[in-house]
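Visitor: Residue numbers (my numbering), protein chains in the order written: chain A, 730 to 1044; chain B, 105 to 149. Before I ask anything, here is the structure I am working with.
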C-alpha cells in the first residue's frame, strides 16, 4: 500500500498527505492492532499461570487488575515497537498493512498511545497491587521498547536472545503481584521463556528469511545462514529442556508438572533434531521448521498449564 | 472540516471518528469501574 493514501475496507480512499494536520483516520481496530493482541495473549497466559501458582492469597479482583495491567503494559510495548519500526514494517509483506505503515495511524498518535498506556498500566499496578510488580512491569516495557526495539533488533543477530528476556518478565510480575517478592520458581519460569524464545523465533525466521532480509533486519538466518541457525536452535533446545525439568527436579513442583515437562521436552528435542537434519533453503520445503514453530507454542502452553495444574492438584 | 472530500469520504471519516469515540467512552467507563472496585476491595477488613 502506498504511503500517504489509505483505503478503508469499504473501498473509500483518503489522501492522507493532503489532509489537515491532526486529522486521524484510525478506526478503533487500528488501536487494537497497535497492542499486538496475539503477543498479548501469551503474556497474559504466562503471567496468569504464575499468579495462580504463587503461594499466598490475592483478592480475585486485584488479581484480575494485575493481569489487565500486564496486558496493557505488553500492549504499550507493542505500540512503541510499531512506532519505532514503521519503516521496516512497511518493507515486509507480513507487517505492511499494520496501522502505521498503512497510514491509518500517525507516528505521533502511536507514540502518545504507547506512552500513555505504559505510564497508566504501571501506575495502576503500583496503586492497586504493589510497587514491586509495578517496577518489574516498567522494567519489562523499557526492556522491550528500548533495549530490544531501539538498541538491539537492527544491530545484532542475537537480538532475539536478549530480547527474549522482555517476554520472560510476565511470570515474575504475576508472582510478585501475589507474594510481594520473587523466589526461585518464578525465576525458573523466566528462564524457561528466555530459553524458549530463540528456537521459537529462529524457526519462524528460517521460513520468513526473505522478508527479514528485504527489511535489513539482521536475523540469524540472514546473517549466519540456515545451517548455523539450525545448530543454534538445537543448542538452545538442549538448554531449554533441562531448565524446564528443573522445577520438578528441585522439588518445587510435583509429578504432574514433572511428567509434562519430560514428555513435552522430549518432543521438542525430536522436532529440533528434525530441523537440524533439514537442509532445505526454500521456505516451501521447511516443513520441520514450521512444525517446530507451531509446536513451540503448544509446548509453552502445556508447560505453564502443567505448573498451574500441579499447584492445584498435587499441592 | 475544511477539506475537499466527497460525501462518501466524509461519511467514512465520521464513521471512524464515531467508532474511536465509542471505544474511548467504553475504556473510560471500564476505568471508573476498576477504580471503584479497587477502592472497595482495599477498604475491606
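Here a beta-carbon is modelled for each residue, glycine too, at the ideal position from N, C-alpha and C.
#1: I need the DSSP call for residue 1007 (chain A), collapsed to helix, strand or coil.
#2: May I have the straight-line CA-CA distance separating residue 814 (chain A) from residue 878 (chain A), to the nearest angstrom?
#3: Among the residues of its own chain, which have a CB less than 7 Å from the CB of residue 846 (chain A), if the five just before and after it don't count?
#4: With H, G and I counted as helix, E and B as strand and the rest as coil, what does DSSP make of residue 896 (chain A)?
#5: Can you say whether residue 822 (chain A) is buried or exposed, counting buried as having 16 or more other CB atoms within 10 angstroms of its CB?
#6: For chain B, find out if any of its Cβ atoms is closer than 8 Å to the Cβ of residue 977 (chain A); answer yes or no.
#7: Is residue 786 (chain A) close to chain B? Criterion is C-beta to C-beta, closer than 8 Å.
#8: Smallest Cα separation from residue 889 (chain A): which of A:932, A:1016, A:906?
#9: Run the CB neighbour count on residue 733 (chain A), radius 10 Å, all protein chains shown included, and call it buried at 16 or more, exposed below.
#10: Report whether the distance from the Cβ of residue 842 (chain A) to the nearest heavy atom of the ligand NAP is below 7 Å.
#11: What's the gap between the Cα of residue 897 (chain A) and the Cα of residue 866 (chain A)?
#12: Beta carbon of residue 940 (chain A), beta carbon of residue 828 (chain A): below 8 Å?
#13: List, in chain order, every chain B residue whose beta-carbon is nearer than 7 Å to that of residue 907 (chain A).
#14: Check the Cβ of residue 136 (chain B) against every Cβ in chain A and list those closer than 8 Å, keeping chain order.
#15: Check each candidate in A:978, A:974, A:927 and name the one with the smallest Cα separation from residue 965 (chain A).
#16: Got a sec? Which residues, its chain only, sit under 8 Å from residue 716 (chain A) by beta carbon, not counting five neighbours each side?
#17: Whose C-alpha, out of A:861, A:891, A:924, is nearest the C-alpha of residue 901 (chain A)?
#18: For residue 830 (chain A), does the three-state DSSP call read helix, strand or coil?
#19: Mark residue 148 (chain B) as exposed unless 16 or more other C-beta atoms lie within 10 angstroms of its C-beta, in which case mark it buried.
#20: Mind checking if residue 141 (chain B) is an interface residue toward chain D, Cβ cutoff 8 Å exclusive?
#21: Rounded to the nearest angstrom, what separates residue 1019 (chain A) and residue 1003 (chain A) at their Cα positions?
#22: For residue 754 (chain A), decide whether its Cβ has a neighbour in chain B, counting only Cβ atoms nearer than 8 Å.
#23: In its own chain, which residues sit with a C-beta less than 6 Å from the C-beta of residue 118 (chain B), not counting the 5 before and 5 after it?
#24: From this set, A:984, A:980, A:925, which residue's C-alpha is nearest residue 967 (chain A)'s C-alpha?
Guide: Looking at the coordinates:
#1: coil
#2: 8 Å
#3: 801, 804, 805, 808
#4: helix
#5: exposed
#6: no
#7: no
#8: A:932
#9: Here residue 733 (chain A) scores only 48 on pLDDT, less than 50, and its place in the model is too uncertain to base an answer on.
#10: As far as ligands go, the structure on display features none, and thus does not contain the ligand NAP.
#11: 11 Å
#12: no
#13: Simply none; closest approach about 14 Å.
#14: Near residue 136 (chain B) there are no residues of chain A at all, since even the closest Cβ is about 13 Å away, more than 8 Å.
#15: A:927
#16: For residue 716 (chain A) there is no data in the structure shown, the boundaries of chain A being 730 and 1044.
#17: A:861
#18: coil
#19: exposed
#20: Of the protein chains in this structure, namely A and B, none is chain D.
#21: 11 Å
#22: yes
#23: none
#24: A:925
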